[in-house]
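Okay, structure first, notes after.
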Amino acid sequence: MKKIYQIQLLLSIALFIGCDGETLEVVINTPSIQCGMCERNIEMGLSNVKGISASKVDLATKVTKVKYFKDRIDISKIEKEISNLGYQANDILADNIKYESLPACCKIGGMDKI
Ligand SMILES: [Cu+2]
94 MKKIYQIQLL LSIALFIGCD GETLEVVINT PSIQCGMCER NIEMGLSNVK GISASKVDLA
154 TKVTKVKYFK DRIDISKIEK EISNLGYQAN DILADNIKYE SLPACCKIGG MDKI
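As numbered in this note's numbering, the sequence shown has no gaps in its residue numbers, which increase by one up to the final residue, 207.
See below:
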C-alpha cells in the first residue's frame, strides 16, 4: 500500500512538472510585512496582476511565493508590483506614498505599538 502511494506521489510530481512549462515560481523576500492584513494586501493585490497565477505570503518567514507565467511577467515586474502595494520586495523598497497610506499595524514596528 505504501508503495502505491509513493508511485502516485511520483506521478503527481511528474505531472506537475510536465504541465508547468509556462509557469515558474519565485520566492521573494518581503521583510516589511507585519501582520495578517499585510498578507491579504499582497495576496489580493497580486491576484489582480496579469501574468501572476497565484501568490502566498508567509508571515512567519516573511517571504512571498509567487507563481507566474514567464512569458507574461518577470521577477523585476513582480517586485515592482509588491513595492506598489507598499511593501519591500527583495532589494526594491516599498513605494513611499503607498507605504504611508497603509494602516498603522502594517508599518514597520506597527505591531509593537498595539
Ligand atoms: Cu499588516
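Idealized CB from N, CA, C, for every residue including glycine. The model shown is predicted, which means the values in this text are computed figures rather than measured ones.
Within the model, the alpha-carbon separation for I145 versus K96 is close to 36 Å. One residue list follows from the rule of a beta carbon closer than 6 Å to any heavy atom of ligand 1, given in chain order as Q127, C128, M130, C131, C198, C199. Taking C-beta atoms as the reference points, V159 and I126 fail to come closer than 8 Å. By the Cβ-count criterion, S140 is exposed, with fewer than 16 other Cβ atoms from all chains shown falling within 10 Å of its own Cβ.
About 5 Å separates the Cβ atoms of T157 and T123, confirming a contact at the 8 Å cut-off. Counted as a single uninterrupted DSSP element, the alpha helix (DSSP H) harbouring L139 occupies residues 129-140. DSSP places N189 in the uninterrupted alpha helix (DSSP H) bounded by 189-193. It is roughly 32 Å from the alpha-carbon of L195 to the alpha-carbon of D164.
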